[in-house]
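Peer 1: Below is one structure. I have some questions about it.
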Amino acid sequence: MPDVEEYLKSNGIEFVRHEHPAIFTMADEEKYCPHIPGVAGKNLVIKGKKTGRIFLVILATAKRADLKKFAKIAGESKISFAGPEILREKLDLEPGSVSPFGLINDKNHEIFVYIDKELYETDLLNFHPNINTASLEITKEMFRKFLELLQNKIEIIEL
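When you number the sequence shown by our numbering, it's gap-free, plus one each residue, and the end is 767.
In structure tokens:
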């Protein structure tokens, strides 16, 4: 698994690292990360039940994910959250540490990425660097530069 921070640095992407206790829930984030500036991203890995397609849906942690609306946008009749085995197989990640940076492990570029427009337009973001004991603070411009490096299909949507 490539090191996220080395990958970002080698591609000219600037960030600030923040250490914190392991975060598994929104309550953990509120407790341990109020000092981290910007908007934290919530990352949902979803599977189309009939097609088997895998999606990474990225939105602000404070926003509720409208999964019925997402299913329509993605052209799926039924969806479910992907299990830990899919996270390991496709992104080499454990539950609780999923982030857009995990896409550097998607060697076949088969995960479809959907980013909520509200988050996409936010000036300062933070995501886990594929572990849940740190967060990387990154500007909108640097995040977009990271996305441009990926070969995954990426869509900006309104959830």
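All C-beta atoms, glycine included, are put in the ideal place defined by N, C-alpha and C.
Alpha carbon to alpha carbon, how far is Leu699 from Glu763?
Peer 2: 19 Å
Peer 1: Got a sec? Which residues, its chain only, sit under 6 Å from Ile723 by beta carbon, not counting five neighbours each side?
Peer 2: Excluding its 5 nearest sequence neighbours in each direction, Ile723 has C-beta neighbours in its own chain below 6 Å: Ile666, Ile764, listed in chain order.
Peer 1: Answer yes if the stretch 735 to 747 comes into contact with the stretch 704 to 721, meaning at least three C-beta pairs across the two stretches below 8 Å, and no otherwise.
Peer 2: yes
Peer 1: Between the alpha carbons of Asn651 and Ala682, how many angstroms are there, rounded?
Peer 2: 16 Å
Peer 1: In this structure, does DSSP put Ala682 in helix, strand or coil?
Peer 2: Three-state result, Ala682: helix.
Peer 1: Rounded to the nearest angstrom, what separates Ala670 and Thr747 at their Cα positions?
Peer 2: 19 Å
Peer 1: Helix, strand or coil for Ser707 per DSSP?
Peer 2: DSSP places Ser707 in coil when its eight states are reduced to three.
Peer 1: Which residues mark the beginning and the end of the alpha helix (DSSP H) in which Lys761 is found?
Peer 2: From DSSP, Lys761 is part of no alpha helix (DSSP H); its letter is neither H nor E.
Peer 1: Please list the terminal residues of the continuous alpha helix (DSSP H) segment that includes Ala635.
Peer 2: 634 to 640
Peer 1: Is DSSP giving Leu652 helix, strand or coil here?
Peer 2: strand
Peer 1: State the start and end residues of the unbroken beta strand (DSSP E) segment that holds Leu664.
Peer 2: That run of the beta strand (DSSP E) goes 662 to 668.
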